[in-house]
Structures are given as structure tokens and as C-alpha cells.
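See structure below.
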């Protein structure tokens with residue numbers, strides 16, 4: 004589907020729709036900046052991991068979680084600018100084919116948080132075409148919110164990794180993650196059943 | 007060295023086979039004994055025998071990544087999910103990692119285990135490699151990261167085994183630098 008025919012949605016709204024669907028302690032990795040700010044604002048869950056740096060690594064971190072816990076479904080939320088820094092990760096995921104991994108790309112064509120500068124891809128590249136060309140056949144644009152929810156439902160039972168791209172507006176995130184990396188990591192490990200609280 | 011010998015971990019029962027006396031055989035067995043089963047890498051000529059033997063052993067999930075920081079992200083996620091990993095790379099690959107070390111591994115207290123095949127010294131033939139090598143230890147030291155340069159086969163198992171255990175228990179990264187004195191390195195051949 005051509006990106007230009009897709010509705011421009013809102014990151015917080017779309018993130019909230021995803022979180023509302025999670026009933027089985029699914030893991031969610033939030034990429035740097037607005038992506039994890041909106042994940043935080045959508046309601047903290049112990050199975051959420053918030054990145055405070057390492058731009059571009061939401062999908063690799065999620066891949067690691069997916070390989071460690073193949074029976075748990077793992078979602079990763081990433082911005083288009085972040086993904087551009089680590090396009091090779093798409094091929095790594097396509098090669099390993101973790102069936103429990105769903106990637107969601109929030110594409111507004113800008114580095115919103117640094118002053119809304121356009122990304123180099125903004126007017127020339129298509130995230131879904133890049134993903135498909137990287138070997139992720141199960142990649143699609145969400146046409147609107149209803150279609151996004153339908154694609155998430157499909158991904159929940161998919162037998163291969165899925166990528167869902169969402170055209171979003173230029174609004175900043177509505178919350179701010181508490182920047183406490185050790186607590187974020189520890190809570191996440193509790194949420195994944197790896198550790199018990201002290 | 008007497009103390010080191012005294013505390014060296016017991017050898018596995020089948021320890022006498024030839025491959026386990028090689029540096030790569032010792033690294034593989036020590037990874038396995040420490041339940042490190044996920045090993046993403048960006049390849050390096052010197053690491054090739056280790057990479058081959060990891061691929062041949064079904065205990066390990068090992069694969070190439072496009073960049074070293076991608077591999078760091080993968081093993082970090084795996085650690086949080088309860089699976090241990092290690093990353094293999096070359097000196098030039100380590101040079102791409104300052105940001106992910108400073109913004110993920112160190113502040114989130116992740117026991118990132120890195121094996122770095124050291125190029126740029128003891129017979130380097132590429133000026134760029136020798137320059138990038140000089141950036142490695144200053145970056146490690148600037149973050150106060152534990153690192154060891156391994157030059158001797160008889161010290162390899164002790165250093166690797168103890169360093170993995172220390173990384174896990176102190177929740178801190180470690181870099182194990184495999185020096186040409188250990189591996190033979192890569193030499194100018196044409």
C-alpha cells in the first residue's frame with residue numbers, strides 16, 4: 004500500500020491502542036525519545052522497557068528478548084529516524100525469523116524531538132518497501148487506526164516476524180519517562196519473570 | 007602464577023582433545039560452562055575458527071549482525087529476558103561502540119561480555135587499523151570498564167571464566183581483548 008494513501012495518525016493514540024490489546028504480559032520495547040515517552044504515558048507496565056539512549060536499538064533489543072523467551076510475544080516501537088540508523092537489523096531479524104516479534108515503526112518523516120528537521124528518507128524512501136526488501140515479507144502500512152488494530156491482531160498469531168508502519172503527525176510525546184535506567188531494567192526483568200524483587 | 011593455577015576451574019572430563027587446547031576451543035568450552043549460548047558477531051579473520059566451531063555446536067545460537075552495536079542490543083535484550091550472550095568483534099568494531107556502552111550497557115548495568123580480536127599491533131600492516139586500535143583502551147578506561155588483554159594460552163581459561171562470572175555478579179560489562187600473542191593475529195600475506 005502506498006504510504007500517501009494512509010491516514011496520518013497520532014503516536015500516543017496508536018500506542019494506547021496497542022497497549023489495550025496486550026493481555027498476556029507481552030514485552031514492549033520503546034525506542035529512544037518520543038516513542039518511549041508515549042509508551043510510558045500509555046500506562047506503565049512491568050513488561051515495558053524504555054530506552055534512554057542507544058538510538059536505533061529498539062528492534063535489536065526486542066530481538067534479544069524474543070530469542071530469550073520464545074513463548075512470550077515481543078513488540079518493539081521505533082521511530083523512522085531511529086530505524087534509519089540501524090537498517091541492517093531488519094535483515095538480521097529476517098534471517099532469524101523469530102515468530103514472536105512484532106516491529107512497529109512510527110513514521111513522521113522528522114526528528115521531532117530535536118527540532119522537527121526532516122529525515123534524509125522523508126521524501127524519497129518507503130519504510131515498508133525497505134523492510135520487505137530486507138527480507139521481512141510480513142510488512143505493511145496501517146491505513147488507519149482500525150487497520151492498525153487489525154494488523155496487530157494478525158501479528159499476534161503470525162508464524163513469522165511482522166512489521167507495521169504507521170504514518171504519524173508531528174506532535175511530541177505526551178509524557179516523560181522517568182530516567183532511571185537501573186530501575187527500568189530491574190522492573191523489566193521482574194515483569195519478564197527473570198527475577199524476583201529484593 | 008601459582009595462585010592462578012591453584013584457582014583455575016577444573017577441566018572438563020574430555021579435556022585432552024586437541025581442539026580444546028587451542029584458544030578458540032578453550033573460549034568455546036568456557037562460554038558453554040558459563041551457560042552463554044547466544045553469540046552474535048561481526049566477523050574477523052582471526053575469529054574464524056571460533057565462529058566456525060560455534061556454528062557447528064547446537065548449544066549455541068550464533069549469527070552475524072550488520073553492526074557491532076546491533077549485537078550489543080541483542081545480547082542486552084537477551085540478558086534481560088534471562089539468556090546469556092557474548093559479542094565477538096574486531097578492534098575496529100569496538101570503535102563503533104562508545105555510544106551504546108555509555109547509554110545502554112553501563113547505565114542499565116548489563117553484564118555485556120565482549121571478545122575483541124585485536125588488530126593494529128604486533129605486525130599490523132594497515133595504518134588505519136593501528137590508529138583505531140589506539141582508541142580502544144582509552145574508551146574502555148574512560149568508562150572505567152573492566153578489560154583484559156589476553157596474551158597467553160595458559161591464562162586464557164582463567165581470565166575468561168573469572169571475567170564472565172565477575173561481569174554477571176557485578177552486572178558490569180567486560181572486554182576480553184584477544185592479542186596476536188594468543189591468536190597469531192593477522193599478518194601481511196601479499
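Chains as they are written, first to last, in the numbering used here: chain A, 4 to 201; chain B, 7 to 196. Yeah, the Cβ is synthetic: ideal placement off N, Cα and C, and Gly gets one too. Computed from a predicted structure; not experimentally measured.
Legend entry - Closer than 8 Å to chain B by CB, residue 40 of chain A: Your numbering for residue 40 of chain A matches position 37 in the first chain. No, its Cβ sits nowhere closer than 8 Å to a Cβ of chain B.
Inset, instruction - Reducing DSSP to helix, strand and coil, say where residue 35 of chain A ends up. - result: Locating residue 35 of chain A in the first chain gives position 32, where the first residue counts as 1. In the structure shown, residue 35 of chain A sits in coil (DSSP, three-state: anything other than H, G, I, E or B).
Inset, instruction - For residue 191 of chain A, count neighbouring C-beta atoms within 10 Å of its own C-beta (all shown protein chains included) and say buried if the count is 16 or more, exposed if not. - result: Stepping through the first chain from its first residue, residue 191 of chain A is reached at position 188. The residue in question, residue 191 of chain A, is buried, as its Cβ has 16 or more Cβ neighbours within 10 Å.
Inset, instruction - Please list the residues of the segment 45-76 of chain A that have a C-beta atom closer than 9 Å to any C-beta atom in chain B, keeping them in chain order. - result: 52, 54, 55, 56, 57, 58, 59, 60, 61, 62, 63, 64, 65, 66, 67, 68, 69, 70, 71, 72, 75
Inset, instruction - Compare the C-beta of residue 86 of chain B against all C-beta atoms of chain A and say whether one is closer than 8 Å. - result: On the second chain, position 80 is the one that residue 86 of chain B refers to. Output row for residue 86 of chain B: interface = yes.
Legend entry - Buried or exposed by the 16-neighbour rule on C-beta atoms within 10 Å, applied to residue 79 of chain B: Here residue 79 of chain B refers to the residue found at position 73 when the second chain is read from its first residue. Its Cβ being crowded by 16 or more others within 10 Å, residue 79 of chain B is buried.
Inset, instruction - Would you list, in chain order, the members of the segment 107-123 of chain B that have their beta-carbon closer than 8 Å to a beta-carbon of chain A? - result: 108, 109, 110, 113, 114, 115, 116
Inset, instruction - Quick one: residues in its chain with C-beta nearer than 8 Å to the C-beta of residue 123 of chain A, no 5 flanking neighbours on either side, listed in chain order? - result: Taking the first residue of the first chain as 1, we reach residue 123 of chain A at position 120. If we look at residue 123 of chain A and ignore the five residues flanking it on each side, its Cβ neighbours are 87.
Inset, instruction - Could you say which of A:112, A:129, A:127 lies nearest to residue 3 of chain A if we only look at CA atoms? - result: Missing from the structure shown is residue 3 of chain A; chain A here goes from 4 to 201 and no further.
Legend entry - Beta-carbon contacts of residue 146 of chain A that lie in its chain and below 6 Å, excluding the five residues immediately before and after: What you label residue 146 of chain A is simply residue 143 of the first chain in a count that begins at 1. Same-chain partners within the cutoff: 9.
Legend entry - Selection from A:83, A:129, A:92, A:77 that minimises the alpha carbon distance to residue 104 of chain A: For the purposes of this step, residue 104 of chain A is taken as the residue at position 101 of the first chain. Among A:83, A:129, A:92, A:77, the Cα nearest to that of residue 104 of chain A is on A:77.
Inset, instruction - Select from B:35, B:108, B:75, B:139 the residue whose C-alpha is nearest the C-alpha of residue 178 of chain B. - result: Working through the second chain from its first residue, we reach residue 178 of chain B at position 172. Answer by Cα proximity: B:108.
Legend entry - Alpha-carbon spacing of residue 12 of chain B relative to residue 102 of chain B, whole angstroms: Position 6 of the second chain holds residue 12 of chain B. Position 96 of the second chain holds residue 102 of chain B. Caution is warranted here: a pLDDT of 43 is assigned to residue 12 of chain B, below 50, making its placement in the model unreliable, and the coordinate value is therefore given only provisionally. Looking at the two C-alpha atoms, the distance is approximately 38 Å.
Inset, instruction - Pull up the CB-CB distance for residue 121 of chain B and residue 184 of chain B, whole angstroms please, since I reckon it's below 8 Å. - result: Numbered from its first residue, the second chain carries residue 121 of chain B at position 115. Numbered from its first residue, the second chain carries residue 184 of chain B at position 178. Confirmed, about 6 Å.
Legend entry - C-alpha distance - residue 170 of chain A paired with residue 67 of chain B, whole-angstrom precision: Working through the first chain from its first residue, we reach residue 170 of chain A at position 167. Working through the second chain from its first residue, we reach residue 67 of chain B at position 61. Cα to Cα, residue 170 of chain A sits roughly 35 Å from residue 67 of chain B.
Legend entry - Delimiting residues of the beta strand (DSSP E) encompassing residue 61 of chain B: Locating residue 61 of chain B in the second chain gives position 55, counting from the first residue. Note, residue 61 of chain B: premise wrong, no beta strand (DSSP E); alpha helix (DSSP H) at 54-62.
Inset, instruction - Return the residues of the segment 41-56 of chain B that lie within a Cβ-Cβ distance of less than 9 Å from chain A, sorted by chain order. - result: 44, 46
Legend entry - chain A residues whose Cβ lies nearer than 8 Å to that of residue 197 of chain B: Residue numbering for chain B in the displayed model covers 7 to 196; residue 197 of chain B lies beyond these limits and cannot be assessed.
Legend entry - residue 65 of chain B versus residue 31 of chain B: straight-line alpha-carbon distance, rounded: Position 59 of the second chain, counted from the first residue, corresponds to residue 65 of chain B. Position 25 of the second chain, counted from the first residue, corresponds to residue 31 of chain B. Between residue 65 of chain B and residue 31 of chain B, the C-alpha separation is close to 14 Å.
Inset, instruction - Would you identify the three-state DSSP class for residue 137 of chain A, choosing helix, strand or coil? - result: Within the first chain, numbered from 1, the residue matching residue 137 of chain A stands at position 134. Reduced to three states, the DSSP call for residue 137 of chain A is coil.
Inset, instruction - Sort A:183, A:92, A:198 by Cα distance to residue 166 of chain A and report the nearest one. - result: Looking up residue 166 of chain A in the first chain gives position 163. Nearest C-alpha to residue 166 of chain A: A:92.
Inset, instruction - Within the segment 114-168 of chain A, note down every full beta strand (DSSP E) run reaching 3 residues or more, in order along the chain. - result: 142-144
Legend entry - Simplified DSSP state of residue 91 of chain A, which is helix, strand or coil: Sequence index remark: in the first chain, residue 91 of chain A carries index 88 (1-based). Residue 91 of chain A falls in the helix class under three-state DSSP.
Inset, instruction - Tell me, please, whether the segment 52-64 of chain A touches the segment 20-37 of chain A by the rule of three or more beta-carbon pairs shorter than 8 Å. - result: yes
Legend entry - Check whether residue 18 of chain A and residue 81 of chain A have beta carbons under 8 Å apart: Stepping through the first chain from its first residue, residue 18 of chain A is reached at position 15. Stepping through the first chain from its first residue, residue 81 of chain A is reached at position 78. No, these two residues do not count as a Cβ contact at 8 Å.
Inset, instruction - Could you tell me whether the Cβ of residue 99 of chain A comes closer than 8 Å to any Cβ of chain B? - result: Along the first chain, one-based indexing puts residue 99 of chain A at 96. So, interface residue.
Inset, instruction - Please name the residue in A:42, A:106, A:188 whose C-alpha comes closest to that of residue 179 of chain A. - result: Taking the first chain and counting its residues from 1, the one referred to as residue 179 of chain A is at position 176. Looking at the Cα atoms, A:42 is the closest of the given residues.
Legend entry - CB contact below 8 Å: residue 197 of chain A versus chain B: Stepping through the first chain from its first residue, residue 197 of chain A is reached at position 194. Chain B contact via Cβ: present.
Inset, instruction - Check the Cβ-Cβ distances between residue 185 of chain A and every residue of chain B, and say whether any is below 8 Å. - result: To locate residue 185 of chain A, count along the first chain from 1; it is residue 182. Yes, residue 185 of chain A counts as interfacial toward chain B.
Legend entry - First and last residue of the uninterrupted alpha helix (DSSP H) at residue 178 of chain B: Walking along the second chain from the start, residue 178 of chain B turns up at place 172. Looking at the DSSP string, residue 178 of chain B is not in any alpha helix (DSSP H), and its letter there is neither H nor E.
Legend entry - C-beta atoms of residue 110 of chain B and residue 57 of chain A nearer than 8 Å: Counting from one through the second chain, the residue named residue 110 of chain B turns up at place 104. Counting from one through the first chain, the residue named residue 57 of chain A turns up at place 54. Against a cut-off of 8 Å, the Cβ pair of residue 57 of chain A and residue 110 of chain B comes out as a contact.
Inset, instruction - Enumerate in chain order the residues of its own chain whose CB-to-CB distance from residue 150 of chain A is below 7 Å, with the five nearest sequence positions on each side excluded. - result: Reading the first chain from its first residue, position 147 is the one you call residue 150 of chain A. Cβ neighbours of residue 150 of chain A beyond the five flanking positions: none.
Inset, instruction - Go ahead and label residue 75 of chain B buried or exposed: buried means 16 or more other beta carbons lie within 10 angstroms of its beta carbon, across all protein chains shown. - result: Position 69 of the second chain, counting from 1, holds the residue named residue 75 of chain B. Looking at its Cβ environment, which holds 16 or more other Cβ atoms inside 10 Å, residue 75 of chain B is buried.
Inset, instruction - Count the other C-beta atoms from every protein chain shown that fall within 10 angstroms of the C-beta of residue 133 of chain B, then say buried if there are 16 or more, exposed otherwise. - result: On the second chain, position 127 is the one that residue 133 of chain B refers to. With fewer than 16 other Cβ atoms within 10 Å, it is exposed.
Inset, instruction - State buried or exposed for residue 128 of chain B, treating a residue as buried only when at least 16 other CB atoms are found within 10 Å of its CB. - result: Locating residue 128 of chain B in the second chain gives position 122, counting from the first residue. Exposed: under 16 other Cβ atoms inside 10 Å.
Inset, instruction - Tell me whether residue 194 of chain B is buried or exposed, calling it buried when 16 or more other Cβ atoms sit within 10 Å of its Cβ. - result: As a position in the second chain, residue 194 of chain B is number 188, starting the count at 1. Result: exposed.
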